[in-house]
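The opening position of the sequence shown corresponds to residue -18 in my numbering, with each subsequent residue numbered one higher. Beta carbons are placed, not taken as given, at the ideal position from N, Cα and C, and that holds for glycine.
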Amino acid sequence: MDDTSPYLVSAYAYGNDYHEVIHEKLNVLIQKLKDQVPGITIRGFVDSAPVLERAWATLAGLGWIGKNSMLISKRNGSYFFISELVTDLVLEYDKPMGGNYCGDCSRCMDACPTQAITDLRVVDANRCISYLTIENKGEINPDFKGKYDKWIFGCDICQQVCPWNRYASPHDEPAFAPLANLRELTATDWEEMGPEQFKSIFRKSAVKRAKFAGLKRNIDFLSGTR
Ligand code: SF4
Ligand code: SF4
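Structure representation (structure tokens):
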């Protein structure tokens, strides 16, 4: 969706749910490894278990943790998913990249509309639109009225302003192509959406994580009916 969309959904949720898409790919890789090294124990995760993914990714030399708390890669910015295989197979490992390349930049901290980045690499979930529109099950704090811009599921602002995302390149994964009916929804479509439509539109999407009640609450909060 673009600036003309009545409401905004985080970029990662445009297409099919990344948990499912990436798990499928991990399973192919796991099978290939098992074929080559029979008897190994191996499991794959993608934001699906309490694994400190960003910390491990930093140790693996994939990037550094930016002031917005995202893993940032010099080559790809921060618009990517992290997944991992945990195995007893002994492999050669990479070294941490070392260094933090945010420098004097503070664009993410300055741009955050709810001042959720309270310190370097510290995001206060109770102020973060991403958490508040997806994980939070309660009402939205009225202090945030007018601060959500058009976000109804997630928020990309602290990534959109990050200069390292100049190096982000478009994906070529068909499963992540934006759902056609999502782009076509008008403000009225969103505001009048019922549980059945929600189920049919977001059947394969990560948006279903917010559940109908959560998404409805977010839309009502923005449209002023709540
Ligand atoms: S996701 Fe949005 S609300 Fe959360 S820290 Fe980033 S800019 Fe702030
Ligand atoms: S916007 Fe600037 S400070 Fe924030 S993560 Fe990106 S480079 Fe670091």
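Residue i versus residue j: straight-line alpha-carbon distance, rounded
| i | j | result |
| --- | --- | --- |
| A97 | K13 | 42 Å |
| I53 | F183 | 29 Å |
| V(-10) | E165 | 13 Å |
| D130 | Q17 | 51 Å |
| W37 | I121 | 33 Å |
| S181 | G175 | 10 Å |
| Y(-12) | L72 | 46 Å |
| P19 | T68 | 12 Å |
| A41 | R35 | 10 Å |
| G195 | L160 | 20 Å |
| Y82 | K76 | 17 Å |
| F62 | Y(-1) | 8 Å |
| G135 | V104 | 14 Å |
| E154 | N162 | 18 Å |
| N117 | I200 | 14 Å |
| T95 | C86 | 19 Å |
| L101 | V142 | 16 Å |
| D91 | D124 | 18 Å |
| R108 | D170 | 28 Å |
| K15 | L7 | 12 Å |
| K128 | L70 | 48 Å |
| R198 | A158 | 26 Å |
| E5 | R207 | 39 Å |
Per-residue burial, residue i [other beta carbons within 10 Å of its own, 16 or more giving buried]
| i | result |
| --- | --- |
| L43 | buried |
| P84 | Reading off the sequence, residue 84 comes out as Gly, not Pro. It counts as exposed. |
| V188 | buried |
| Y74 | exposed |
| K55 | exposed |
| G25 | buried |
| T39 | buried |
Within 7 Å, strictly: CB atoms of residue i and residue j
| i | j | result |
| --- | --- | --- |
| I21 | L66 | no |
| D137 | A30 | no |
| S64 | V27 | yes |
| F193 | F202 | no |
| G205 | N146 | no |
| I115 | R190 | yes |
Bounding residues of the alpha helix (DSSP H) (the contiguous stretch that carries residue i)
| i | result |
| --- | --- |
| C114 | With the sequence shown as reference, residue 114 is identified as Thr, and Cys is not the correct amino acid for it. Segment I110 to I115, the alpha helix (DSSP H) holding T114. |
| G25 | Unbroken run through G25 is the beta strand (DSSP E), I23 to F26; no alpha helix (DSSP H). |
| I182 | P176 to I182 |
| L14 | Y(-1) to Q17 |
| I200 | K192 to S204 |
| T39 | E34 to L40 |
| R164 | A161 to R164 |
| C139 | I138 to Q141 |
| M90 | R88 to A92 |
Supposed close pair residue i, residue j - CB separation, criterion 8 Å
| i | j | result |
| --- | --- | --- |
| G80 | W45 | 7 Å |
| G47 | C89 | 7 Å |
| V9 | A156 | V9 to A156, Cβ: 14 Å. No contact. |
| Q140 | M51 | 6 Å |
| N(-3) | S186 | 7 Å |
| A149 | Y60 | 4 Å |
Start-to-end residues for the beta strand (DSSP E) that takes in residue i
| i | result |
| --- | --- |
| E231 | The chain is shown from -18 up to 207; residue 231 falls before or after that span and cannot be answered. |
| I98 | I98 to D100 |
| E65 | E65 to T68 |
| W171 | Run containing W171: none in the beta strand (DSSP E); it sits in the alpha helix (DSSP H), A168 to E172. |
| F134 | W132 to F134 |
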